[in-house]
Amino acid sequence: MRRIALLAAISVAAAVVGSAPGAAGAGRTWFTSWAQSQDGRADTAVTARSLRMITHLSQGGDAARVRFQNTFGTGPLTIAHATAGPSAGGAAVSISRDLTFAGRPAVTIPAGGEVWSDETRLATRPDSDLAVSMSVEGTAVPGRHGAALRDNYLTPPGSGDHTADVSGEAFTATVGSTYVVSAVDVHNAALQGVVVPFGSSVVDGIGSTPGTNRRWTDDLARRIVASAAPLAVANAGVSGTTSARTCPGMPPSVAGLDAASRLDRDVLALHGVTAVIYYYGTNDLAYGCDAATILDSYRAVFARLRAAGIAVYVTPSTPRPGYDDQANLARHEIALFVQRWNTCGGTCSGVVDFDTVLKDPLKPNSILPAYDNGDGIHANAAGQQALSDFVSLPMLTRSGLEVHTMR
894 MRRIALLAAI SVAAAVVGSA PGAAGAGRTW FTSWAQSQDG RADTAVTARS LRMITHLSQG
954 GDAARVRFQN TFGTGPLTIA HATAGPSAGG AAVSISRDLT FAGRPAVTIP AGGEVWSDET
1014 RLATRPDSDL AVSMSVEGTA VPGRHGAALR DNYLTPPGSG DHTADVSGEA FTATVGSTYV
1074 VSAVDVHNAA LQGVVVPFGS SVVDGIGSTP GTNRRWTDDL ARRIVASAAP LAVANAGVSG
1134 TTSARTCPGM PPSVAGLDAA SRLDRDVLAL HGVTAVIYYY GTNDLAYGCD AATILDSYRA
1194 VFARLRAAGI AVYVTPSTPR PGYDDQANLA RHEIALFVQR WNTCGGTCSG VVDFDTVLKD
1254 PLKPNSILPA YDNGDGIHAN AAGQQALSDF VSLPMLTRSG LEVHTMR
């Protein structure tokens, strides 16, 4: 009990030290290079075992720090030891570096809480995998991001601390979710900003091939690196979610995960954010929201982002075969709003018209067959690449430079 109390006290101190967004903006050297927003909790508890979560960095640096979240956990989560190291394939790593929390090796994160690790000197590269490992003490039901679209790794229950293992042999179980780890920052003075795609399943990467890091957001990050633009990309997609807070047919599983409810945690808490690509609305329409409700939610979120000095680029709602006539009329109204003056009538910074990319010119309310993954909603690999290729890199770079200069 004394150990748990001590760790809880450490957790509060670490959260204060590690999670202040202003610290990164002031120095202009820390940028979020990878993110996956928590959207629920694991199906089963973890007990005295090690977790190894694989993150995919959009940009590299000479040091790193990691955000651990227990947003949807059912109780305190005690991390007895944590490490990070470049992935060597599967659960193996090439090297392992200890992570600390306010100088301590362990931390307890209360239910609903989070903590950033201290920085650790660790060289990383763009478009590379970084493994983050943690040893969970006791029993906890961790928060998670459901659609990792890759394997992550766990040791058997009761196996204890294997976080420093370079070999992946102890990590005998796999899971398709990302537990606890929700963001990685890199220290890189050459960068000038972070682009955050923010939305539902199309942002989350549904339709891309699992295990390949080929979401359109990953493809966009590779384009940015190839062009030498000084930007990172951090994905803030959560499948099934909406822009509006409530819609008549919204399932209970996504209640409280609307854009406004997630904004602080999943966008504004990241470091170095200069632009958001806002891709919301398709689920709102599917769940029965009308255009007025959706547009009210747009305006509210856009206002908060712009007040934070973040450029907002918006895509009109894309096609979906299940929409009835009323939903398609609402989709048309949303598109007119977004495209007005190419600035959402003066409420956003610009338009990224993914509807133009995906729609079938012969059946404008359907996805082009060549880009359809088979469900009529999500893009396949070719469609993911087409979405990435459509985004203007000069536009994103200009936003990063403007915000970087203001800071």
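Count along the sequence shown from 1, then add 893; that gives the number in our numbering.
Just so it is clear, CB atoms sit at the ideal spot from N, CA and C, and this is done for glycine as well.
Chain-order list of residues whose beta-carbon lies under 8 Å from that of residue i (same chain, five-residue window excluded)
{"i": "Arg942", "result": "Ser1028, Val1029, Leu1047, Thr1048, Pro1049, Pro1050, Gly1051, Ser1052, Gly1053"}
{"i": "Arg1014", "result": "Asp955, Ala956, Arg990"}
{"i": "Ser1093", "result": "Gly1130, Val1131, Ser1132, Gly1133, Thr1134, Thr1135, Tyr1172, Tyr1173, Thr1175, Asn1176"}
{"i": "Asn1221", "result": "Asn1258"}
{"i": "Thr937", "result": "Val1034"}
{"i": "Pro1141", "result": "Tyr1180, Gly1181, Cys1182"}
{"i": "Asp1218", "result": "none"}
{"i": "Tyr1216", "result": "Leu1178, Ala1179, Arg1224, Asn1258"}
{"i": "Pro914", "result": "Because the pLDDT at Pro914 is just 39, under 50, the model does not fix this residue reliably, and the value given afterwards should be weighed accordingly. Closer than 8 Å at the Cβ level, and outside the excluded window around Pro914, lie Leu1161, Ala1162, Leu1163, His1164."}
{"i": "Thr1236", "result": "Ser1242, Gly1243, Val1244"}
Where residue i falls: helix, strand or coil (DSSP)
{"i": "Ala956", "result": "strand"}
{"i": "Asp1022", "result": "strand"}
{"i": "Thr1240", "result": "coil"}
{"i": "Ser1093", "result": "coil"}
{"i": "Thr884", "result": "The shown model of the chain, from 894 to 1300, leaves out residue 884, and the question about it has no answer."}
{"i": "Val1088", "result": "strand"}
{"i": "Leu1289", "result": "helix"}
{"i": "Gly994", "result": "Here residue 994 is Phe; the residue named in the question, Gly, does not match the sequence. Three-state result, Phe994: strand."}
{"i": "Ser1154", "result": "helix"}
{"i": "Gly1276", "result": "helix"}
{"i": "Phe961", "result": "strand"}
{"i": "Asp932", "result": "coil"}
{"i": "Ser980", "result": "strand"}
{"i": "Ala1179", "result": "helix"}
{"i": "Val1147", "result": "helix"}
{"i": "Ala1041", "result": "coil"}
{"i": "Ala917", "result": "Because the pLDDT at Ala917 is just 34, under 50, the model does not fix this residue reliably, and the value given afterwards should be weighed accordingly. Ala917: helix per DSSP, three-state reduction."}
{"i": "Thr1056", "result": "coil"}
N-terminal and C-terminal residue of the alpha helix (DSSP H) that residue i is part of
{"i": "Ile1117", "result": "1109–1120"}
{"i": "Tyr1171", "result": "Segment 1166–1172 is the beta strand (DSSP E) holding Tyr1171; no alpha helix (DSSP H) there."}
{"i": "Asp1268", "result": "Counting along the chain, Asp1268 falls outside any alpha helix (DSSP H), and DSSP gives it neither H nor E."}
{"i": "His1225", "result": "1218–1232"}
{"i": "Phe924", "result": "Segment 923–928 is the beta strand (DSSP E) holding Phe924; no alpha helix (DSSP H) there."}
{"i": "Ala1184", "result": "1184–1200"}
{"i": "Val1008", "result": "Unbroken run through Val1008 is the beta strand (DSSP E), 1007–1009; no alpha helix (DSSP H)."}
{"i": "Thr1249", "result": "1247–1251"}
{"i": "Thr1135", "result": "Run containing Thr1135: none; DSSP gives neither H nor E here."}
Beta bridge counterpart(s) of residue i as assigned by DSSP
{"i": "Met1027", "result": "Leu944, Ala975"}
{"i": "Asp1159", "result": "Its beta-bridge partners do not exist; DSSP assigns none."}
{"i": "Leu970", "result": "Ile1002"}
{"i": "Val1205", "result": "Val1169"}
{"i": "Ala1129", "result": "Phe1091"}
{"i": "Thr1017", "result": "Thr1017 pairs with nothing; no bridge assigned."}
{"i": "Ile988", "result": "None, per the DSSP bridge assignment."}
{"i": "Ser1101", "result": "Ile1099"}
{"i": "Thr1032", "result": "Thr940"}
{"i": "His949", "result": "Asp1022"}
Cβ neighbours of residue i in the same chain (closer than 6 Å, five flanking residues each side left out)
{"i": "Thr940", "result": "Thr1032, Pro1050"}
{"i": "Ser1292", "result": "Thr1167, Ala1168, Ala1204"}
{"i": "Asp1011", "result": "Thr993"}
{"i": "Val1073", "result": "Phe961, Pro1035"}
{"i": "Leu944", "result": "Met1027, Leu1047, Tyr1072"}
{"i": "Ala916", "result": "Reliability fails at Ala916, whose pLDDT of 35 lies under 50, so the model's placement of it is uncertain and the value that follows must be treated cautiously. Same-chain partners within the cutoff: there are none."}
{"i": "Asp1044", "result": "Thr1067"}
{"i": "Ala1024", "result": "Arg945, Ile947, Gly978, Ser980, Val986"}
Residue span of the beta strand (DSSP E) that contains residue i, given as start and end
{"i": "Ile1260", "result": "1256–1260"}
{"i": "Val1000", "result": "1000–1002"}
{"i": "Ser1075", "result": "1074–1080"}
{"i": "Leu1047", "result": "1045–1047"}
{"i": "His1038", "result": "1036–1038"}
Beta-carbon contacts of residue i that lie in its chain and below 7 Å, excluding the five residues immediately before and after
{"i": "Ala1153", "result": "Arg1138, Ser1190, Ala1193, Val1194"}
{"i": "Ala1263", "result": "Ala1275"}
{"i": "Leu1163", "result": "Thr925, Ala928, Ala1076, Val1087, Val1089, Ala1127"}
{"i": "Leu1113", "result": "Val1126, Ser1281, Val1284"}
{"i": "Arg1107", "result": "Ser1101, Ala1274, Gln1277"}
{"i": "Gly966", "result": "Arg934, Ala1004, Ala1033, Val1034, Pro1035, Gly1036"}
{"i": "Leu1150", "result": "Asp932, Val1131, Thr1134"}
{"i": "Val1250", "result": "Ala1279, Leu1280, Phe1283"}
{"i": "Ala1201", "result": "Leu1161"}
{"i": "Arg1197", "result": "Leu1156"}
Proximity test, residue i beta-carbon vs the ligand FAD heavy atom, cut-off 6 Å
{"i": "Ile1187", "result": "The ligand FAD is absent from the structure shown, which contains no ligand whatsoever."}
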